[in-house]
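Residue numbering for the sequence shown follows our numbering, starting at -6 and increasing by one per position.
Don't be surprised by glycine CBs; every beta carbon is placed ideally from N, CA and C.
Just so we're clear, the structure is a prediction, and the values are computed from it rather than from any experiment.
These notes are about the structure you will find just below.
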Amino acid sequence: MLTLGVVVTQVVALAVNAASDQQAWWWGLDVIRRYPFPSLLVGAVLLVVLSAVALSVQRSRAALTDPSQDGDGAGPGAAVRIEQPRRTGVVDAPVGELPTVVRGRDGVVADLLAPSAAGPSPVRVVTGLGGCGKTTVALAAARAARAEGWRVWWVSAVDGTALVAGMSAVAREAGAPAEEVAAAGSDVALAGLVWRWLARVPGRWLLVIDNADDPAVLAPGGTSVAGGTGWVRPAASGTVVVTSRVTDARVWGHRAGLVPLSELDEGAAALMLLDRMGRAGEAELMPAAVAVADRLGRLPLAVHLAGSYLGSGVAEVGLTAYLDLLAARSVGLVDEGAPGWGTRDPRRQVLSTWEISLDALERQGRVRARTVLRVLSFLAAGSVVPVSMLDLRVLGSAGLLSGGDEGRVELAAALAGLRAVGLVESAPAGTTGGDGVLVHPLVAEVSRVHADRDGRRRAFLAAAARLVVAGDRRLHPADPGDREAWRLLAPHAVALRDVAAQLDADLCAEVVGVNNGLTYHLVARGSYPAAIDHGEHVAATAAQLLGEEHPDTLKARNNLATAYQAAGRLTDAIALSEATLAARERVLGAEHPDALMARNNLAAAYQAAGRLGEAIPLLEATLAARERVLGEDHPATLMSRHNLAYVYKVAGRLGEAIPLLEATLAARERVLGVDHPDTLMSRNNLAAAYRTVGRLGKAVPLFEATLAARERVLGAEHPHTLRSRHNLAYAYQMAGRTGDAIPLMEATLAAFERVVGTEHPETLTSRNNLAGAYDSAGRSGEAVPLYEATLAARERVLGPDHPDTLTSRSNLACAYQAEGRLGEAISLHETTLASRLRVLGEDHPDTQASRHKLALAYRAREEHTHPEGSPRGD
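Structure representation (structure tokens):
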């Protein structure tokens, strides 16, 4: 504003000078002193003009912002509270983990990327025992493909949750709308959707599905891997590479080409060993390197571990002496393998190398290295473990580390030693570059076998579980600031979910609780298919291990119901919510906080389905109970008050809604703070209520302030932010500012389609309102097709009697009427009025509006049939 004032002052001076043929000082102060009234007048005019220009530029920038997904209380079910209890798929290939040179696999990499001679490219399955370098070969292929301009995707198949999350992301990358992904009712449907969209991707592409060691994960819902009906299918324009220990060709079928990996050749294995030692250029070491590599069976992982040890500061011997150590250690290991380990089993080779490394670490005083490795092996192998997750209090209380500063020193020394000898790899923990470690799956497997033999499996597994539980306690599933931490925690939570039966009852319940939080988080971030897949697993696990009516089982079902609701599966959501509420009232009592939570969420599901007659009494009873049990200002009470006010608004009871919204906003600002997401939800919905009653002077500034706060707090593409942007655009339209409204609505609709999908209820609301803006601007050629498409989608997604569907039908009727299509308009008006009378009641404002619009349509038909001046019947 200071700059603007200076500019105005100068322009005023120049203008007055020109008018008076006078000369004045450059800053114009002399002219203003001599001619105060003309100066003031010109300055005021210019200030208004420049302010308008500045505001226009600012709005243009806002309109060009391309936002993203989420929701709050301005839409169906938005105020649902998912309960928080007391390695997802990776799309970018992690080629940064590759060594600069991959020895001995050039021919295999070239074969993987070679085009098929005829027909679709077969699925290439890189098979072999653990430690033979399958993932390294796939990464080398990904790096080569990317260098040639291919699109490359990398998905982990270590478990079903990771696979679903990864393939959902691939579908989005391939162009599938988010809503179409979210609406996939099963993993089978989602797999079909992924492959339909991949078939449309132009150019060459590579999809790697890594660590597919359990073929059942690749065949959801009774589909067949061999038949090409599951997650893995041949592609016409792309290449699919799978890495797996499964070498049986019958599993993969005739559409797959198996690429078996064996040991490295002699020269490549020796060079790899010297690479890891940092002595690749020393030709005189080759004979000894060949001898060591041969002794290790030229297994890439064993060679990597040996080279890492010999190249570290831990090594006490050179190549020749290391060969003697291997010979001696192998004799001692004859009886240390698990049953069925042959003399050349790769696990025995790995064990030979690492035991030498661990012995050396102990002699150097790193006495906790074995212990730390054992604990890490019970977390998700191949997934990053943030060092911050290795809680000293947990490890100390389990007797695995010393207490206090001594334990901190022990942990640091153990990790440094394990990294030095290659038993764990350094890896960035998150996008901020935090410190993390990775354990190779084969190393983890052998370490778990050792824990079994030592009789300490339960102790190490329990320690790993407590680390995950402690990590969860630091996070909130719905906090955008915790999203990266949840991404890192998720694979470890899933790994422990799948072995929870081996834990004691209390710790099992805590692990279920962490996974309940993960379901909550996946819903909050809009990953609906992954949330449903994970939530169904958690609910089944909890019921089996804890019992059908255990509180954590009921929490799992509550969160799964919310995932169903978020994905638009309202029938499933209502059925599960009703069952959960009944169970909680029976087990815990009608006024237990968990029962009240279930009642709140069932009401939200009813409201989302347009069943307002059931939602309102349930919300009123829940609010009264929460005020009595929790107190007037408890956050859960404020949520109930907010939800009730919102549903009053939806039901047209604005005289009750607005005071309740105002009181709730004031309480939330006082209790939670002005920028808390719940406070912003209240502010948004109060602005929407003001807009509904035409108080635009209050609504627009409140919408603008809420949008700015959400962009700052949640991010530009959070679903709540998108809703605020949409609501502001609609307020601009109501205020007659169509030029501001339409670009903002178009940008917001594009963002909703990208983030939550083309048929998500939020997207449909955005599309309906953009059609209305086009209509208001006289652009009926664009409005009518958009109204028609929105009505069809709402009938399909929400049902023919949902209040939003009735709004679409009414809007389309009005658009038809404006185009003179009175027969179609009247039919739609009649249908809408009948439905609104049945669903909303006689006194609802929408019902009254329908009656008025139908009367106008009848009058228009009468006037059209009997124009003014023509004879009329009696």
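{"Asked": "Could you tell me the distance, in whole angstroms, from the CA atom of V(-1) to the CA atom of G168?", "Found": "With a pLDDT of 36 at V(-1), under the threshold of 50, the modelled position of that residue is not reliable, and no figure is offered here."}
{"Asked": "Exposed or buried, what is T93 when buried is set at 16 or more other beta-carbons lying within 10 Å of its beta-carbon?", "Found": "exposed"}
{"Asked": "What residue from R604, R562 and A608 has the CA that sits closest to A591's CA?", "Found": "A608"}
{"Asked": "Taking the alpha-carbon of G358 as reference, which of F371, V832, E399 and A660 has the nearest alpha-carbon?", "Found": "E399"}
{"Asked": "When we look at the beta-carbon of Q810 and count the other beta-carbons within 10 Å, is it buried (16 or more) or exposed?", "Found": "buried"}
{"Asked": "Look at the alpha carbon of L623 and the alpha carbon of A533, and state the distance between them as a whole number of angstroms.", "Found": "31 Å"}
{"Asked": "Note down the Cα distance separating R852 from D836, rounded to an integer number of angstroms.", "Found": "23 Å"}
{"Asked": "Is it buried or exposed, P213, if we count other Cβ atoms within 10 angstroms and call 16 or more buried?", "Found": "buried"}
{"Asked": "Who are the Cβ neighbours of A776 in its own chain at under 7 Å, not counting the five residues just before and after it?", "Found": "A764, Y767, D768 and A808"}
{"Asked": "Which residue wins for smallest C-alpha separation from G528, given the options P544, E541, R446 and T555?", "Found": "T555"}
{"Asked": "For the alpha helix (DSSP H) containing P421, list its first residue and its last residue.", "Found": "No alpha helix (DSSP H) holds P421; the beta strand (DSSP E) holding it covers E418 to A422."}
{"Asked": "Is V201 near A284, with beta carbons less than 8 Å apart?", "Found": "no"}
{"Asked": "What's the call for T154, buried or exposed, on a 16-neighbour Cβ count within 10 Å?", "Found": "buried"}
{"Asked": "From P694 to A734, what does the alpha carbon distance come to, in whole angstroms?", "Found": "15 Å"}
{"Asked": "Let me confirm a value: P227 is counted as buried when at least 16 other C-beta atoms fall within 10 Å, else exposed. Which label applies?", "Found": "buried"}
{"Asked": "Using a threshold of 8 Å, state whether the C-beta atoms of A455 and A407 are closer than that.", "Found": "no"}
{"Asked": "Nearest to R451 by CA position, among R621, A498 and A422, is which residue?", "Found": "A498"}
{"Asked": "Considering Cα atoms alone, identify which of D317, E309, V310 and H433 is closest to L289.", "Found": "D317"}
{"Asked": "Buried or exposed for V233, going by 16 or more other Cβ atoms inside 10 Å?", "Found": "buried"}
{"Asked": "Rounding to the nearest angstrom, what Cα-Cα distance links R829 and N594 in this structure?", "Found": "25 Å"}
{"Asked": "Since P484 and A373 should fall inside the 8 Å C-beta cutoff, what is the C-beta to C-beta distance between them, to a whole number of angstroms?", "Found": "4 Å"}
{"Asked": "Please confirm if the segment 128 to 148 is in contact with the segment 486 to 505, defined as three or more CB-CB distances below 8 Å between the two stretches.", "Found": "no"}
{"Asked": "If you scan the segment 501 to 545 from start to end, which runs of the alpha helix (DSSP H) of 4 or more residues do you find wholly inside it?", "Found": "521 to 539"}
{"Asked": "Beta-carbon separation of V748 and P778 under 8 Å?", "Found": "no"}
{"Asked": "Taking C-alpha atoms, which residue in A536, N636, R459 and L388 lies nearest to R598?", "Found": "First, the residue type needs correcting, since residue 598 is Ala and not Arg in the sequence shown. Ranking the options by Cα distance to A598, first place goes to N636."}
{"Asked": "Would you tell me roughly how many angstroms separate the C-alpha atoms of A182 and L156, rounded to the nearest one?", "Found": "14 Å"}
{"Asked": "Given that a residue counts as buried once 16 or more other Cβ atoms are within 10 Å of its Cβ, and exposed if not, what is D63?", "Found": "The pLDDT assigned to D63 is 25, lower than 50, so where the model puts this residue is not dependable; a value taken from the coordinates is nonetheless given after this. Buried is the call here."}
{"Asked": "Between which residues of its own chain and A524 is the CB-CB distance below 7 Å, once the five residues before and five after are set aside?", "Found": "T512, L515, V516 and A556"}
{"Asked": "Between the Cα of R291 and those of L658, W479, G124 and L805, spot the shortest distance and give me the residue it belongs to.", "Found": "G124"}
{"Asked": "Among W188, L264 and R197, whose alpha-carbon lies nearest the alpha-carbon of P108?", "Found": "R197"}
{"Asked": "Closest to S633 by CA distance: which of L647, L658 and T615 is it?", "Found": "T615"}
{"Asked": "With DSSP as the reference, please indicate the residues paired to L199 in a beta bridge.", "Found": "V145 and T232"}
{"Asked": "What residues are listed by DSSP as bridge partners for L589?", "Found": "BP columns for L589 are empty, so no partner."}
{"Asked": "In three-state terms, what does DSSP make of G774?", "Found": "helix"}
{"Asked": "Just the C-alpha distance for A205 and V505, rounded to the nearest angstrom, thanks.", "Found": "25 Å"}
{"Asked": "For A848, count neighbouring C-beta atoms within 10 Å of its own C-beta (all shown protein chains included) and say buried if the count is 16 or more, exposed if not.", "Found": "exposed"}
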